[in-house]
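Those letters in the sequence shown? Residues 279 to 736, per the numbering used here, in order.
Every residue gets a Cβ at the ideal spot worked out from N, C-alpha and C, and that includes glycine.
Below is one structure, written out as structure tokens; the observations come after it.
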Amino acid sequence: MNIRTRFAPSPTGYLHVGGARTALYCWLYAHKHQGTFILRVEDTDLERSTPEAVQAIFAGMEWLGLNYDEGPYYQTKRFDRYKEVIQQLLQQGKAYRCYCSKERLETLRAQQFANKEKPRYDGHCRNLSLAVTEQPFVVRFHNPLEGEVIVDDQVHGKVVFQNSELDDLIIARSDSTPTYNFTVVVDDWDMQVTHVIRGDDHLNNTPRQINMLLALGAKPPVYAHVPMILGTDGKKLSKRHGAVSVMQYRDEGYIPAALLNYLVRLGWSHGDQEIFSKEEMINFFDIKNINKSAAAFNVEKLQWLNQHYIKTLDPAYIAEQLKWHMQAQEINIANGPDLIELVIAQRERAKTLKEMAEKSRFFYEEIDKNIFIEQPIPVEIKPALMKLQEKLAGLTEWTDTAIHQALNESAEMFSLKLGKLAQPLRLAVTGGTVSPPIDCTVRLLGKERVLNRIKNCL
Ligand code: GLU
279 MNIRTRFAPS
289 PTGYLHVGGA
299 RTALYCWLYA
309 HKHQGTFILR
319 VEDTDLERST
329 PEAVQAIFAG
339 MEWLGLNYDE
349 GPYYQTKRFD
359 RYKEVIQQLL
369 QQGKAYRCYC
379 SKERLETLRA
389 QQFANKEKPR
399 YDGHCRNLSL
409 AVTEQPFVVR
419 FHNPLEGEVI
429 VDDQVHGKVV
439 FQNSELDDLI
449 IARSDSTPTY
459 NFTVVVDDWD
469 MQVTHVIRGD
479 DHLNNTPRQI
489 NMLLALGAKP
499 PVYAHVPMIL
509 GTDGKKLSKR
519 HGAVSVMQYR
529 DEGYIPAALL
539 NYLVRLGWSH
549 GDQEIFSKEE
559 MINFFDIKNI
569 NKSAAAFNVE
579 KLQWLNQHYI
589 KTLDPAYIAE
599 QLKWHMQAQE
609 INIANGPDLI
619 ELVIAQRERA
629 KTLKEMAEKS
639 RFFYEEIDKN
649 IFIEQPIPVE
659 IKPALMKLQE
669 KLAGLTEWTD
679 TAIHQALNES
689 AEMFSLKLGK
699 LAQPLRLAVT
709 GGTVSPPIDC
719 TVRLLGKERV
729 LNRIKNCL
């Protein structure tokens with residue numbers, strides 16, 4: 279079988295982590311089976327869909343490297359096709375025009391409420407003749423009256439729905455626009471989707487969609503409904519819990535590999551393994567190992583993964599990503615060390631690239647001299663620092679070893695422990711108390727800048 283999955287976001291906002299995880303699972307499943315991953319923009323809600331949101335979703339997917347093989351399809355461009363299928367269902371008597379007025383439906387609902395019944399359409403117009411009148415109408419799907427629909431869900435197992443519980447769904451509104459559940463059905467059918475992987479907030483739509491697919495003579499796809507992502511308080515993840523947008527994670531300094539790795543594990547497992555390359559994800563991913571229960575988003579774990587990838591991925595790749603953050607923080611990278619060298623020096627010290635950029639500013643910009651008034655160098659250290667200044671000025675080789683030796687000799691001359699001189703030197707050249715190893719820091723800053731800063735400090 280040629281596996282075909284789809285990611286079908288409604289473009290009403292940015293790509294959030296829940297959507298990204300769904301997209302990732304669909305992407306992985308398609309890749310694992312050399313299938314096709316389709317992107318479909320479900321933009322029929324004209325009031326809430328925006329072109330900016332479409333772009334934001336594309337940007338999120340691109341940043342994560344979730345490339346699609348087919349699409350993007352837009353539902354708003356398929357209205358003719360939906361109309362055609364509605365006509366077909368009407369002609370076959372599988373759908374009907376419903377002329378019930380708003381008032382009638384309201385009275386019906388009130389009665390059902392009073393009788394403690396579930397609100398549902400009573401099928402009043404089901405057997406009207408096909409003749410079209412001038413009155414406004416909606417089109418309803420003729421749902422089977424009896425029997426049950428079994429959703430053989432790959433995550434939740436068999437879920438049984440009674441047809442008597444499903445009423446005759448509106449598939450076209452009075453302005454003739456198609457409704458959500460119907461467009462999904464036509465699309466999944468036309469696009470020959472074999473596996474629908476989506477959030478389990480859609481599980482209740484599935485029996486309705488299956489009934490419509492069967493009415494159209496289509497074979498329903500395999501369904502897998504993925505549990506929600508929760509916040510730390512056990513409630514559905516939302517803005518209240520902090521960042522939910524994928525691009526916000528980029529802005530905060532996460533790298534795509536870390537977010538992907540985090541998302542794949544959030545709701546899926548492969549033994550105890552925590553770290554997955556993209557290739558491993560593809561090889562090991564299996565719908566059967568998706569967890570049944572909802573998972574809570576844990577930012578510390580994401581940070582841990584991010585740090586892991588910062589430390590272990592090719593420094594050239596990290597440098598490329600860091601560049602974006604340096605620009606975002608308006609640090610001019612032309613004014614200091616090569617970014618790859620910087621990454622090698624800083625990669626053990628930052629959980630995020632944003633933090634790495636912040637901690638690297640002193641390599642590229644002058645430091646605030648007030649720091650030397652606030653934290654003056656102890657008088658007894660000054661002679662050693664002056665000696666060191668002299669030795670550094672005389673160095674012919676600007677290497678970690680040579681710098682280290684100059685530091686060592688200067689400290690020894692004044693019977694100081696290395697740290698007693700290294701820390702004031704750090705303050706002098708970085709304006710702070712934390713930095714990569716001092717010899718490496720001094721090397722990366724360059725001779726001229728280092729001598730200047732020592733001079734200013736003294
Ligand atoms: N457009 C729906 C959503 O964003 C997804 C529908 C589906 O996957 O079937 O929630």
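Query	Result
Skipping 5 residues on each side, what residues in its chain have a beta carbon closer than 7 Å to that of residue 527?	521 and 537
Tell me whether the beta-carbon of residue 349 lies closer than 8 Å to the beta-carbon of residue 318.	yes
Is there contact between the stretch 487 to 499 and the stretch 451 to 467, where contact requires at least three CB pairs shorter than 8 Å?	yes
With hydrogens ignored, establish whether the beta-carbon of residue 476 is closer than 7 Å to any heavy atom of the ligand GLU.	yes
Along the chain, which unbroken stretches of the beta strand (DSSP E) at least 3 residues long are found entirely within the stretch 358 to 399?	373 to 376
Quickly, what does DSSP pair residue 285 with across the bridge? List them, please.	317
Going by C-alpha distance, which of 616, 627, 628 and 657 is nearest residue 642?	616
Count the other CB atoms within 10 Å of the CB of residue 633; is the residue buried (16 or more) or exposed (fewer)?	buried
Start and end of the alpha helix (DSSP H) containing residue 418?	Unbroken run through residue 418 is the beta strand (DSSP E), 416 to 419; no alpha helix (DSSP H).
Pick from 374, 405 and 421: whose alpha carbon is nearest that of residue 439?	421
Relative to the C-alpha of residue 512, which candidate in 451, 473 and 576 has its C-alpha closest?	576
Judging by CA-CA distance, which residue of 314, 411, 327 and 315 is the nearest neighbour of residue 289?	327
Does the distance from the CB of residue 686 to the CB of residue 670 come in under 8 Å?	no
Going by other Cβ atoms of all chains shown within 10 Å of its Cβ, with 16 needed for buried, is residue 366 buried or exposed?	exposed
To the nearest whole angstrom, what separates the beta carbons of residue 703 and residue 663, a pair I think is in contact under 8 Å?	7 Å
Please identify the residue among 651, 603, 562 and 618 whose C-alpha is closest to the C-alpha of residue 592.	618
How long is the line joining the alpha carbons of residue 390 and residue 379, rounded to whole angstroms?	17 Å
Ignoring anything shorter than 3 residues or poking outside the stretch 573 to 631, list the beta strand (DSSP E) runs there in chain order.	none
How many Å lie between residue 244 and residue 546 at the Cα?	Residue 244 is absent from the structure shown; the chain starts at 279 and stops at 736.
Flag this pair as touching only if the stretch 437 to 454 and the stretch 473 to 490 have three or more C-beta atom pairs under 8 Å; answer yes or no.	yes
What are the complete beta strand (DSSP E) segments, minimum 3 residues, inside the stretch 427 to 480?	435 to 440, 448 to 450 and 473 to 477
Hey, quick one: how far does the alpha helix (DSSP H) through residue 332 stretch, first residue to last?	329 to 342
In whole angstroms, give me the CA-to-CA distance for residue 682 and residue 345.	48 Å
Does the stretch 443 to 454 come close enough to the stretch 469 to 481 to have 3 or more Cβ pairs within less than 8 Å?	no
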